[in-house]
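A short write-up of the structure that comes next.
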Amino acid sequence: MLNLGQAWTAISDVAWTVAVLVIGVAILEAILWLVFVKWRKSALSLPIMLLTPAIIGLLVLYVYPLLWELNVSFTKMGIRNFVDPGFLGLTSDPQIFVGLDNYRDVFTKPVLKQTGFYQLFAQTVIWTVVNVTLHVVLGVALALMMNRRLRGRTVYRALLILPWAIPAFASLQIWRTEFNFQYGAVNQLLGVVGIAPVQWLSDPIWNFAAMILTNVWLGVPFMMVITLGGLQSISQDYYEAAELDGASTAQSFRAITVPLLKPVLVPAILLGTFLTFNNILVPFFINQNELETSDILVTALYRAAFQFSRYGFAAAFAFVIFAILMIFTVFYVRKTNALKGAYE
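Residue numbers for the sequence shown follow our numbering, beginning at 49 and rising by one.
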């Protein structure tokens with residue numbers, strides 16, 4: 049464990065790094081102002097000065113860590129080889145370069161104690177598809193209800209958004225308690241209707257179901273709010289014209305609501321897929337007993353890096369997950385025309 053002196057040294061190093069970055073950005077901004085405003089009087093001076101800090105931030109916070117992690121992925125860096133990886137492990141002492149071995153091990157060796165990549169990938173796909181489907185179906189259904197003129201509609205909306213407003217950490221702590229076999233409210237409610245208690249936290253199937261139930265409770269309000277905003281942007285003139293033509297409610301929904309909601313729902317589904325695929329909080333808290341049948345790719349990545357201390361392997365595993373998401377994104381955008389507007 050770090051003592052007080054080591055902690056203070058670490059904090060001082062971080063503070064000095066931040067101070068150097070801030071001063072460097074300020075100096076760079078001053079130079080850009082002199083070059084583009086005072087001397088050249090360029091019309092692009094304002095965009096350049098506004099974009100420069102953002103570009104530096106992206107380079108420091110995203111590009112550099114990715115490059116560093118790519119460098120580590122070609123090494124056998126771990127708790128027994130916790131050294132400066134150098135350049136691909138070739139310049140470290142001792143040399144820890146392993147080439148593509150980590151990437152091969154991701155697909156050929158267990159990621160966890162017993163579970164390999166393919167089982168984890170299947171569990172992640174099931175987790176993502178079931179959650180996103182329920183988010184969309186329930187979110188759209190609730191949005192359609194809340195878009196009508198109801199007495200107390202504002203109160204209903206506030207109550208439905210409440211799960212999204214509560215911090216996820218607090219919500220998950222409460223949910224994990226409610227799934228307790230003896231004292232949890234979920235089993236007590238099941239007992240009221242004559243159903244035997246369920247081992248939510250220790251049974252593999254029920255633990256996975258508990259994760260999905262919790263994530264649906266957390267995710268539906270987000271999809272409902274997005275859909276409700278899209279519904280309120282649709283002019284009522286379309287529905288009045290359809291009603292004059294004799295269209296039923298179902299026909300109006302298919303011919304008007306769905307096409308005009310597509311530009312809203314398609315990016316929302318893509319974002320929801322990313323958030324669900326990379327959701328580490330729900331599996332981490334609900335899977336209290338660390339059942340490997342309830343792990344998904346990102347929780348397996350966390351365990352490989354911080355529980356098993358396989359840093360080189362975890363870095364390669366992270367890039368495999370990144371590649372999966374990139375392939376899915378390109379395919380999804382091309383098939384759904386997610387970047388097109390409503391009337392294109």
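Backbone N, C-alpha and C define an ideal beta-carbon position, used for all residues, glycine too. Here the structure is a predicted model, which means the values were calculated and not measured.
_G239 versus V177 - alpha carbon distance_ = Along the sequence shown, read from residue 1 onward, the residue named residue 239 stands at position 191. Along the sequence shown, read from residue 1 onward, the residue named residue 177 stands at position 129. Each residue's Cα considered, the two are about 30 Å apart.
*In angstroms, rounded to a whole number, what distance separates the CA positions of I79 and M272?*
Stepping through the sequence shown from its first residue, residue 79 is reached at position 31. Stepping through the sequence shown from its first residue, residue 272 is reached at position 224. Their Cα atoms are separated by approximately 48 Å.
*Determine the closest residue to I328 out of L313, L345 and P315, with distance taken between C-alpha atoms.*
For the purposes of this step, residue 328 is taken as residue 280 along the sequence shown, with counting starting at 1. Checked all of L313, L345 and P315; the closest Cα to I328 is L345.
*Around the C-beta of A352, are 16 or more other C-beta atoms found within 10 angstroms, so that it is buried, or is it exposed?*
One-based indexing of the sequence shown puts residue 352 at position 304. Result: buried.
*Given A63, which residues of its chain have a CB within under 7 Å of its CB, disregarding the five upstream and five downstream residues?*
By one-based count along the sequence shown, residue 63 stands at place 15. If we look at A63 and ignore the five residues flanking it on each side, it has no Cβ neighbours.
*Any idea if A217 is buried or exposed, counting beta-carbon neighbours within 10 angstroms, 16 or more meaning buried?*
Sequence index remark: in the sequence shown, residue 217 carries index 169 (1-based). A quick correction: the sequence has Phe, not Ala, at residue 217. With fewer than 16 other Cβ atoms within 10 Å, it is exposed.
*Would V306 be called buried (16 or more neighbouring beta carbons within 10 Å of its own) or exposed?*
One-based indexing of the sequence shown puts residue 306 at position 258. Exposed, by the Cβ-count rule.
*Return helix, strand or coil for T123, following the three-state DSSP convention.*
By one-based count along the sequence shown, residue 123 stands at place 75. T123: strand per DSSP, three-state reduction.
*Grab me the residues of M49's own chain with a C-beta within less than 6 Å of its C-beta, minus the 5 sequence neighbours each way, in chain order.*
On the sequence shown, residue 49 is found 1 positions in, with the first residue counted as 1. Note that M49 scores 43 on pLDDT, short of 50, meaning its location in the model is unreliable and no value can be drawn from it.
_Beta carbon of V111 nearer than 7 Å to that of A364_ = Reading the sequence shown from its first residue, position 63 is the one you call residue 111. Reading the sequence shown from its first residue, position 316 is the one you call residue 364. Going by C-beta atoms, V111 is not nearer than 7 Å to A364.
*Would you call R152 buried or exposed, if buried means 16 or more other Cβ atoms sit within 10 Å of its Cβ?*
Translated into the one-based positions of the sequence shown, residue 152 becomes position 104. R152 comes out exposed.
*Count the CB pairs spanning the stretch 240-255 and the stretch 159-171 that are closer than 8 Å, and state whether there are at least three.*
no
*Is it true that the CB of L249 sits closer than 7 Å to the CB of N337?*
Your numbering for residue 337 matches position 289 in the sequence shown. Your numbering for residue 249 matches position 201 in the sequence shown. It is a contact, given that the beta carbons lie within the stated cut-off.
*Determine the direct distance from the alpha carbon of A170 to that of D141, and round the result to whole angstroms.*
In the sequence shown, the residue the question calls residue 141 occupies position 93. In the sequence shown, the residue the question calls residue 170 occupies position 122. Those two C-alpha atoms are separated by around 39 Å.
*Could you give the residue range of the alpha helix (DSSP H) that holds F376?*
In the sequence shown, residue 376 corresponds to position 328, counting from 1. Its alpha helix (DSSP H) spans residues Y359 to T384.
*Exposed or buried, E340, counting other C-beta atoms within 10 Å across all chains shown (16 or more means buried)?*
Here the question's residue 340 lines up with position 292 in the sequence shown. The residue is buried, with at least 16 neighbouring Cβ atoms inside 10 Å.
*So what's Y145 in DSSP terms, helix, strand or just coil?*
Here the question's residue 145 lines up with position 97 in the sequence shown. First, the amino acid is wrong: residue 145 is Phe here, not Tyr. In the three-state scheme derived from DSSP, where H, G and I count as helix and E and B as strand, F145 is classed as strand.
_Quick check on N385: buried or exposed, where buried means 16 or more other Cβ atoms within 10 Å of its Cβ?_
Position 337 of the sequence shown holds residue 385. Per the 10 Å Cβ criterion, exposed.
*Under the three-state reduction of DSSP, which class applies to L168: helix, strand or coil?*
What you label residue 168 is simply residue 120 of the sequence shown in a count that begins at 1. It is helical.
_Candidates E117, S283 and L76, of which the one nearest T100 by Cα_ = For the purposes of this step, residue 100 is identified with residue 52 of the sequence shown, where counting begins at 1. Out of E117, S283 and L76, L76 has the C-alpha closest to the C-alpha of T100.
*What is the DSSP secondary structure of Y110, counted as helix, strand or coil?*
In the sequence shown, residue 110 corresponds to position 62, counting from 1. Looking at Y110 - three-state DSSP - the assignment turns out to be helix.
_Outcome for G278 when other beta-carbon atoms lying within 10 angstroms are tallied against a minimum of 16_ = Within the sequence shown, numbered from 1, the residue matching residue 278 stands at position 230. Buried: at least 16 other Cβ atoms inside 10 Å.
*Below 6 Å CB to CB, which residues in the same chain sit around Y391 once its five sequence neighbours on both sides are set aside?*
Against the sequence shown, residue 391 aligns to sequence position 343. Low confidence applies here, because Y391 scores a pLDDT of 44, under 50, leaving its location unreliable; read the following figure in that light. Closer than 6 Å at the Cβ level, and outside the excluded window around Y391, lies no residue.
*By a C-beta neighbour count over all protein chains shown, 10 Å radius and 16 as the cutoff for buried, is K383 buried or exposed?*
To locate residue 383, count along the sequence shown from 1; it is residue 335. By the neighbour-count definition (other C-beta atoms within 10 Å, threshold 16), K383 is an exposed residue.
*Using alpha carbons as the reference points, say which of I127, F325 and Y350 lies closest to M374.*
Counting from 1 along the sequence shown, the entry for residue 374 is found at position 326. Minimum Cα distance to M374 is reached at F325.
_Do M125 and G360 have their beta-carbon atoms positioned less than 7 Å apart in this structure?_
If you number the sequence shown from 1, residue 360 lands on position 312. If you number the sequence shown from 1, residue 125 lands on position 77. Yes, these two residues count as a Cβ contact at 7 Å.
_At least three beta-carbon pairs within less than 8 Å, the stretch 291-301 to the stretch 199-217_ = At 8 Å Cβ cutoff, the stretches do not touch.
_Burial state of W116 (16 or more Cβ within 10 Å)_ = Sequence index remark: in the sequence shown, residue 116 carries index 68 (1-based). Looking at its Cβ environment, which holds fewer than 16 other Cβ atoms inside 10 Å, W116 is exposed.
*Under three-state DSSP, which class holds K310?*
Walking along the sequence shown from the start, residue 310 turns up at place 262. DSSP places K310 in helix when its eight states are reduced to three.
*Quick one, which of L94, V188, P252 and V131 has its alpha-carbon nearest S357's?*
Your numbering for residue 357 matches position 309 in the sequence shown. Closest by alpha carbon: V131.
*What three-state label does DSSP hand A67 in the structure shown?*
Translated into positions along the sequence shown, residue 67 becomes position 19. Three-state result, A67: helix.
*By Cβ distance, which residues of its chain are closer than 6 Å to W265, with the 5 residues on each side in sequence left out?*
If you number the sequence shown from 1, residue 265 lands on position 217. For W265, where only same-chain residues beyond five positions count, the Cβ hits under 6 Å are P211.
_Residue interval of the alpha helix (DSSP H) (run including T341)_ = To locate residue 341, count along the sequence shown from 1; it is residue 293. No alpha helix (DSSP H) holds T341; DSSP gives it neither H nor E.
*Are the Cβ atoms of L308 and I282 separated by less than 7 Å?*
On the sequence shown, position 260 is the one that residue 308 refers to. On the sequence shown, position 234 is the one that residue 282 refers to. The answer is yes: Cβ separation under 7 Å.
*Secondary structure at Y231, three-state DSSP: helix, strand or coil?*
One-based indexing of the sequence shown puts residue 231 at position 183. Note: Y231 maps to coil in three-state DSSP.
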